[in-house]
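Step one of this worksheet: look at the structure below.
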Amino acid sequence: MRKKFPKDISRRAFLGAAGASLAAVTLPEAAFAQSGGRKVLIIASNQDIPNLDPHIATGYSASFLLRNVYDSLVKIAGNPPKPVPGLAASWTSTADGKEYTFKLDPAAKFHNGKPVTAEDVIYSFKRAIRLNKGNAWMIQGVVGPDSVSAVDATTVKFALLKPFAAFLQVLPWIWIVSKADVEANLGTDDGQNWLRTNTAASGPFKVRRAEAGNLYEIERVADGWQKGGGNLSGAIWRIVRETASQRLMLQRGEAHIAVDLTSEDMDALKDKPGVVSIIEPEYRTFSIKMNTRHGPMADPELRKAISYAVNYKAILDAAGYADLMIGPLPNGILGHNPNLAVYRTDLAKAKEHLAKSKVPNGGIKLTFVHVSGLEQQRRWALILLDSLKALNIELDIKPMIWPDMVAACRSPETFPDMFPVYQTANYGDPDNIAFAAYHSSRNGNWQNAVYGNPEVDALIEKGRSESDEAKRIAIYREMQEKVVADAPDIFGVLEKRKLALRDAVQGFAFVPVASNAVECLGLSLK
Amino acid sequence: MLHFILRRLVLIVPVLFGLTALVFAIARLLPGDPVALAAGPNATPAEIAAYGKEFGLDRPLIVQYGAYLSGLMKGDFGVSIYTRRPVIEDLRAYLPATLELVFAAMFLAIAIGIPAGLAAAAWRDKWPDYLSRVVALGSISMPRFFLGLLLQLLFAMWLGWLPLGGRFPITEDPPALVTGFLTLDALIARDFTAFSIACQHLVMPAIAMSLSPLATIMRMMRASTLEVMQQDYVLTERALGLSSRLIMLKYVSRNAISATLTVIGLYFGWLLGGTVLVETIFDWPGLGLYATKAVVTQDFMPVIGVTLVIGTLFVFANFAVDLLYGVINPKVRTE
Amino acid sequence: MNAQGSVPESARRYALRRALFRFSQSGLSLVGLALVVTLLMIAVFGPSLAPYPEHLGGAVNTAARFRPPSLAHPFGTNELGQDVFSLVLGGTRVSVLAGLAVVMLGTLIGTVVGAIAGYAGGWTDEILMRISDLKLTVPGLILAMAVAAALGPGILNMVIAIALSWWPGYARLVRGEVMAKKEELFVTAARAIGAGPGRILFRHILPNILTPVIVKMSLDMGFAILTVASLGFIGIGVKPPTPEWGSLLSVARGYMPDYWWTAIFPGLAIFTAVFGFNLLGDGLRDVFDPKARR
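Protein chains in written order, with my numbering: chain Y, 17 to 542; chain W, 101 to 435; chain U, 452 to 745.
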């Protein structure tokens, strides 16, 4: 069934509305005594969901919604993560890694009641590639418009343009839409306007209410095709800007899961009754992107000077549970070079590079934007401000809301001088961060708004289609060196994933990819 | 009397007209690109232009203002660019919460301020009087957001007696909508659990809001009571043997009413404006929080709407207070 | 109304002496004076008094984060290891200066508008007063918030934003005083000897209504500081790294209850400053304007 955005806000909606409404009765136990036997999981998050279109929306907040409302051919589960059946009940592949055949689950049906067919899969992949937005980069150059074909109504065959080592790992992020629904609401923009606020999905949940800036509620589809799972009747993605408010909500039992906590929050929660903390390594990088195309930062010498001036120890101190990144790729991932020569605090070298730059005496003011309310980013901004004083460079710190920041990425002219980015890996392969964050085809998107280097592009493409592991390692090592030489980012930290759950949440199994985009099907509330 | 009312009413019209112009002018100065925001993060320039047209942002300012004004007449406050909902619906939804908070704060201020002011007058220049003065100045000096935080720290975080914020649990269904005031609606529905939950949410923000008017009422009561006590006619009546309690009751009650009226007139708008800070701290889903979020997201129609509603309420509150003065004191009418 | 315009100099001085005597008899006013003097001293010398002056410029010391209050850090340290005591001291200058600027600017605009309206009367008066009424229909904080958001953050913008919602109070006060004074003997006399309206206004009338304006300014200082802090708290105040009480409190709000010292001390600083000015202003009003004593 298609769920429209509620036009009139319901009475309940506005009561709970706004910011971090910490609505609850006095005692934590009482907060869970939800009426009518409904079991609604409340997730507190900083980030709004700017768009519901599965082939456009990105970011963990959108991933949360899409992951629960839409289906993909395969899903991801376990630690280490492995592909498991989704819409596809089973699949086979050829030895050369160029052909995959998926057998769809015959029970699978959309919310509108129609079965999910090979046609829908083909339509979805074609739309994703045609729009070339959202997660399309994951299959770019791998799946072409004619790669997908139907063997029969429930069998789809992929003839890849070239082999892709991580093909099964990216499939969980390419969502399948109902062809009939989208075609019926095509408009002039391939259904983009319609899918922005409506869904054409087959997932276990559907959108119940969507209030921008406030909350998104999903509810279990009554006659959905997915059987089993937990006892949740629904879940609420509650936008709580301040991380400390998230922590207090959790502590008081007003939220079940908080996803943006700082290390201090985790420490404060350590011995609190009823709270389960999860601090796990995950491929989640934090770096500060610099505008390599426009403004003073287009000068590589200045970028290098800044890279050397940064107080990395303070960055690490302020992060808490984290490690410093060594180069562009997450530590420990295939091909990562732990001995890479990267920038570390060295004022002499910083000044040396500054002297070679177009602003040898500093005296400029750079803009640093960050997500308003994300305390961790604000701290790094202040550390950077302090670090840059040594170069006689001023920093103008601007808090912005996430949709505005994403909008600023559209062109080099609107992109700020410095742009901090958390990037969560959707799949545990070097291709993920390499392609999303450094391939020039991603320009205009928040993961890589401006940076591009043809040599790096070539290496990333080569690494993507190479199946020999040793060769891939060599390719990625070269790529890392080239990226470091360009200094497009201040490589920050690899933060540990910090989640806190109420102990009433049952069935949560940590999966180290996109674990903040919580998958609700298996969860129960006590 | 009718003439008096009419004259006051006529005076309101240009004020309201000017209010809309002022507010629209300010709101259109907001920085950023609201159209790009509405068009979505991945929109093309063509799409942005289309959205701009849809919202009429490509037209000259004066035309936009004219359209806005004629819309207002029909109850059209524009559409929030961020939430894509009509602003009028949001205002309708958030206004009762703000009014409930303002009235609760007023109630606290009057209920505590009047007896406290009487006490200060009765013990003039003794310690209760000094105490009342220090407390009054302290209350006026206390930032509402700081007091709010202290209350939260004490009653929500350390003692755990009261909820940290919000108006009603988001997972619960509130009592049936009648007045829009949750406390009253709960009483009407005879749902005493809901009433108690609503009160628990209301008490801290109401206290944080009430301090300034409380202090003012207290000082006014003190002053007017002292004045009455020194008037000749009171001394005469006392000499005539009327019990001092009766005298006090007679004049003091009149003073109490006029002090209350003045303070309501003075503080109604002030409280409405003050909700911005208190609602932000307590996540009270009212106009103040709505406006703060709109400013943050550079969503100008809601900013205009809220300012307009608050301004209008303020104008009418003053109008009502004027009328009531006229009723109490006929001299005002002929002024 | 304490006009001494037509009284001889010695009588004016006598009145002043009496006023000072009455002021000194009021314990609370003296407390207020002491607080204000201390505040002004800190505003002037604050940065050099700060034990960690480098923190005022944004220096961080991440090795000493969230230290509770101690001898080395009387108010503890914050999330970046900055000394909260130093930040609070440094914030005094911003708050006092901004408050002062708001009141000055508000007084300047208000006095000019009020004086013109009161002196000219008629249509000019009507129009100017309707405009000032307009500002009174929108609560100051909301107006300031909208204007500050429109202009962007920064001390100067904040001051302009608040002052824009501040002047009507002065305009009304000055207009009333001017209207009362302009028919008085000394004005008529000045006019008779051929003084122009500008000269009459600025040489004869305005000096005589200085006292109520000063009393209002001292009373308003507290509220101006409060409004500055409120805007800082909402997040449209000064830019980092300049320490400002409201924004310090706003950030620290997230660290309660565990690191309460990061919030309590900036909050107390706001309260103390506003309280001091209110005590002083209240005392001054009692002295110069006994009728208005409430």
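Quick reminder that beta carbons are idealized off the backbone N, C-alpha and C, glycines included.
Small disclaimer: the values here were computed from a predicted structure and weren't measured.
Using a beta-carbon distance below 8 Å, is THR42/Y in contact with chain W? The predicted model places THR42/Y with a pLDDT of 35, which falls under 50 and marks its position as unreliable, so this point remains unresolved.
Relative to the C-alpha of SER165/Y, which residue among LYS329/Y, PHE174/Y, GLY102/Y, GLY523/Y is closest? PHE174/Y
Chain-ordered chain Y contacts of ASP709/U [CB-CB under 7 Å]: ALA284
Please report how far the alpha carbon of THR513/U lies from the alpha carbon of GLU530/U, in whole angstroms. 8 Å
Extent of the continuous beta strand (DSSP E) run through LEU515/Y: It spans 513–518 - the beta strand (DSSP E) in which LEU515/Y sits, taken as one unbroken run.
Using a C-beta cutoff of 8 Å, does LEU251/W count as contacting chain Y? Using beta-carbon distances, LEU251/W does not count as an interface residue toward chain Y, since no partner is under 8 Å.
MET306/Y: first and last residue of the uninterrupted beta strand (DSSP E) it sits in: 300–306
Identify the contact partners of GLY705/U in chain Y, using a Cβ-Cβ distance below 8 Å as the criterion. GLU258, THR259, ALA260, SER261, GLU391
Go ahead and label PRO470/Y buried or exposed: buried means 16 or more other beta carbons lie within 10 angstroms of its beta carbon, across all protein chains shown. Flag for PRO470/Y reads exposed.
Can you pull out the residues from the stretch 210–235 of chain W whose beta carbon lies closer than 9 Å to at least one beta carbon of chain U? TYR230, ARG233, VAL234
Give the single residue among LYS130/Y, TRP418/Y, PRO504/Y, ILE409/Y whose Cα lies nearest to the Cα of LYS543/Y. Examination of residue 543/Y is not possible in this model, given that chain Y is present from 17 through 542 alone.
State yes or no: is the beta carbon of PRO619/U nearer than 8 Å to at least one beta carbon in chain W? no
Spatial neighbours of LEU184/Y in its chain, beta-carbon cut-off 7 Å, leaving aside the 5 residues before and after: VAL90, PRO99
From the DSSP output, read off the bridge partner residues of GLY250/Y. VAL56/Y, GLU235/Y
So if I threshold CB-CB distances at 7 Å, which residues from the stretch 237–268 of chain W count as touching chain U? Those residues of the stretch 237–268 of chain W that come within reach of chain U (Cβ to Cβ, closer than 7 Å) are LEU237, GLY238, ILE240, SER241, MET242, PRO243, PHE245, PHE246, LEU249, LEU253, MET257, TRP258.
In chain W, which residues lie less than 7 Å from ALA640/U when you measure between Cβ atoms? Under the 7 Å cutoff, chain W gives no residues; its nearest Cβ is about 32 Å from ALA640/U.
Within the same chain, show all residues whose beta-carbon is closer than 8 Å to that of VAL158/Y, passing over the 5 residues directly before and after it, in chain order. LEU176, LEU177, LYS178, PHE180, PHE183, ARG480, SER481
Count the other CB atoms within 10 Å of the CB of ILE357/W; is the residue buried (16 or more) or exposed (fewer)? exposed
Which value, in whole angstroms, describes the spacing of the CA atoms of LEU731/U and LEU481/U? 7 Å
Would you mind stating whether ALA216/W and SER232/W have Cβ atoms separated by less than 8 Å? yes
Please report the distance separating the alpha-carbon of ARG143/Y from that of LEU253/W. 52 Å
For VAL303/W, which of THR325/W, LYS153/W, LEU262/W has the nearest alpha-carbon? Comparing Cα positions, the closest option is LEU262/W.
Beta-carbon spacing of THR588/U, VAL115/W below 8 Å: yes
CB-CB length for THR528/U against VAL535/U, believed under 8 Å: 6 Å
Measuring only the C-alpha atoms, how far is VAL466/Y from GLY343/Y? One C-alpha to the other measures close to 18 Å.
What residues are listed by DSSP as bridge partners for VAL179/W? In the DSSP secondary-structure assignment, VAL179/W is bridged to PRO186/W.
Based on the DSSP secondary-structure assignment, which residues constitute the bridge partners of ASN529/U? For ASN529/U, which the question treats as bridged, DSSP gives no partner whatsoever.
Give me the chain U residues within the contact set of LYS329/Y, using Cβ-Cβ distance strictly less than 9 Å, ordered along the chain. THR513, ALA514
Compile a chain-ordered list of the residues in the stretch 407–421 of chain W whose CB is closer than 7 Å to at least one CB of chain B. Although the question refers to chain B, the structure presented lacks it and instead comprises the protein chains Y, W and U.
For chain U, find out if any of its Cβ atoms is closer than 8 Å to the Cβ of LEU401/Y; answer yes or no. yes
Bridge partner(s) assigned by DSSP for PHE221/Y: ARG236/Y
Which residues, taken in chain order from the stretch 530–542 of chain U, show a beta carbon closer than 7 Å to some beta carbon of chain Y? Residues GLU530, LEU531.
For GLN522/Y, which beta-bridge partners are listed by DSSP? SER540/Y
Cβ neighbour criterion (16 or more within 10 Å) applied to GLN496/Y: Under the 10 Å beta carbon count, GLN496/Y is surrounded by 16 or more other beta carbons and is classified as buried.
Please say whether VAL553/U and SER583/U have beta carbons closer to each other than 8 Å? no
Which residues does DSSP list as the beta-bridge partners of LYS414/Y? VAL385/Y
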